[in-house]
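Residues in the sequence shown are numbered from 25 upward in steps of one, following the numbering used here.
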Amino acid sequence: MAYFNELMEASLSAVDPDIKALTDKELDRQRTHIELIASENFVPRAVMECQGSILTNKYAEGYPHKKYYGGCEFVEVIEEIAIERAKKLFGAGHANVQPHSGTTANQAAYFTVMKPGDTMLAMKLDQGGHLSHGHPLNFTSMIYKVVSYGVNRDTEMIDYDEVASLAREYRPKVIVAGASAYPRRIDFARFRAVADDIGAYLITDMAHIAGLVAGGAHDNPIPHSHFVTSTTQKSLRGPRGAFVLCTEEFAKDLDRTVFPGIQGGPLLPAIAAKAVCFKLASEPSFEDYARQVVRNAAALAKAMQGRGYRLVSGGTDNHMMLLDLRSRSLTGKAAEKILEEAGITVNKNAIPFDPEKPMVTSGLRLGSPAVTTRGMKEPEMELIAEAVDEVLSSPEDKGVISKVRGRMAELGAAFPLYESMK
Ligand code: DSN
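Right under this line is the structure:
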């Protein structure tokens, strides 16, 4: 009994010092590095509190008021609140907040309207799409016939004429709008017109831009889409998780597809955290945040261009940009590694028509959501651009890397993160 009580009350450092030491190191890394991964962010502590809460002990298969377990009287209210907040935030008729991840959310939307063997049209991964938009090794390619659209070779922007002509040629059941590495505004109305022309469903994956949509800094895909899928952890600044929005017409089928179709027990800590995230994203301060994310990306893009870097499509309209490193004789892989040594975290990324392999690439993807959460603004984007350029201009110079690393740690310290932790 004593052992039981001790175990139940013991802290992580007492139970597992190895894992505690590593989470401490990760906290330190997040504080001292400048986070430019376009899909990452820092969540408010309230979101983390939900995720580390007693909700982890509860099963709640089914939907509010139709649960397959007893004891759901509180957790089903949490789920209802999350659903209502998601609907209100984005102006949707229906929301399912149970999907564990963005890929699962996409799977749920696909399974709701497509049968195996049907055709889907989505953006190529190497031109900005996502794995779950039809990569050859992804479940989408195992189940469906995938046709891909890309960007125009000259403008490096979505070629809507190509989308329309592929749609007319292949008559897909589903067209997917949305991307993981596309720095430009997406014209959802145009996508919907193409879908309507051939009687296809439009599924918009807004994972990257969800925070911008919530904050009014990007057009809302809801009025144009049959389904909208999203993660919560990116620009929306919530927990790792996902949700699907749709019109009332698809509500029942979507819910049945998520549970019992592709998931069992929902992750209640994540659902509570999503509810908090939707609440925060509906506050006026989130509009300021979303606008600053876009302003910071624009400032960073301008500062990189001013230092001679070519940006894919010539700039950015959203929270991210893609740097073409070919003129610097550096690969994305090499640049990611040296920037990490210098305290700047980015990810290598294929650029359209990239001659390099996906694990090497010719590009870097830079994004502003995380640094904006820390409170950084245009002057800091200038400092970051200067630091990125210094490192990429002297990739072999350990002295430069170490100097920049020190400067980035100082910059991080000036914008404290999670001060009450540790
Ligand atoms: N892996 C995510 C990204 O970094 O864009 C997409 O799911």
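Glycine included, C-beta positions come from ideal geometry on N, C-alpha and C. Note that the coordinates shown come from a computational prediction; the quantities given were computed from them, not determined experimentally.
Please return the same chain residues whose Cβ sits closer than 8 Å to the Cβ of residue i, not counting the five positions on each side in sequence.
i	result
Leu416	Leu349, Arg352, Leu354, Ala359, Ile362, Leu363
Leu335	Pro207, Ala325, Met328, Gln329, Met345, Leu346, Leu347, Asp348
Ile199	Met144, Leu145, Ala146, Val187, Ala191, Phe215, Val218, Ala219, Ala224, Tyr225, Leu226, Ile227
Gly95	Lys82
Got a sec? Which residues, its chain only, sit under 6 Å from residue i by beta carbon, not counting five neighbours each side?
i	result
Tyr184	Arg214
Thr255	Gly126, Ala231, Ala266
Pro41	none
Ala321	Thr340, His343, Ser392
His57	Gly367, Thr369
Pro140	Ile167
Tyr442	none
Here's a check: name, in chain order, each residue in its chain whose Cβ is nearer than 7 Å to the Cβ of residue i, leaving out the five neighbours to either side.
i	result
Tyr194	Thr143, Leu145, Val171
Asn162	Leu155, Ser156
Met445	Leu51
Ile105	Ala299
Tyr93	Tyr83, Ala84, Glu85
Per DSSP, residue i is paired with what?
i	result
Asp42	According to DSSP, which records beta bridges pairwise, Asp42 is partnered with nothing at all.
Lys91	Gly86
Met344	Gly391
Val200	Ile227
Asn371	Arg389
Arg334	Asp348
Phe251	Ile227, Cys270
Asn120	Val268
Ile182	Val175
Met383	Paired residue(s): none; Met383 is not in a bridge.
From the options, pick the residue whose C-alpha is nearest to that of residue i; which is it?
i	options	result
Thr385	Leu346, Glu180, Ala133	Leu346
Leu226	Gly240, Asp211, Gly239, Ala238	Asp211
Thr179	Thr340, Ala84, Lys381	Thr340
Ala19	Phe98, Gln131, Gly152, Tyr87	In this structure the chain extends from 25 to 446, so residue 19 is not present and cannot be described.
Val237	Arg209, Asp221, Ala217	Arg209
Arg69	Leu79, Asp421, Ala297, Pro382	Ala297
Asn65	Gly387, Ala314, Arg429, Phe377	Ala314
Leu36	Gln257, Gly76, Thr228	Gly76
Glu307	Gly239, Val428, Pro284	Gly239
Glu404	Leu60, Ile43, Lys49	Leu60
Met383	Leu407, Gly356, Pro376, Arg389	Gly356
Phe135	Lys90, His248, Phe274, Ser259	Phe274
Ile246	Gly262, Leu269, Gln257	Leu269
Between residue i and residue j, which are expected to be in contact by the criterion C-beta below 8 Å, what is the C-beta distance as a whole number of angstroms?
i	j	result
Ala433	Gly391	Their Cβ separation, rounded to whole angstroms, is 20 Å, which puts Ala433 and Gly391 out of contact at 8 Å.
His343	Val370	Not confirmed; about 14 Å, so no contact.
Arg55	Gly436	6 Å
Gly235	Pro393	7 Å
Asn29	Phe114	Incorrect: roughly 46 Å between the Cβ atoms, too far for contact.
Gly289	Ala84	7 Å
Ala116	Val252	7 Å
Ile167	Val175	Their Cβ separation, rounded to whole angstroms, is 26 Å, which puts Ile167 and Val175 out of contact at 8 Å.
Cys301	Arg261	6 Å
Can we count residue i as close to the ligand MN, meaning its CB is less than 8 Å from some heavy atom?
i	result
Ser37	This structure lacks the ligand MN; its bound ligands are the ligand DSN.
Please list, following the chain, all residues that have a C-beta closer than 7 Å to any non-hydrogen atom of the ligand DSN. Ile61, Ala62, Ser63, Gly126, His154, Ser204, Ala205, Ala231, His232, Thr255, Asn371
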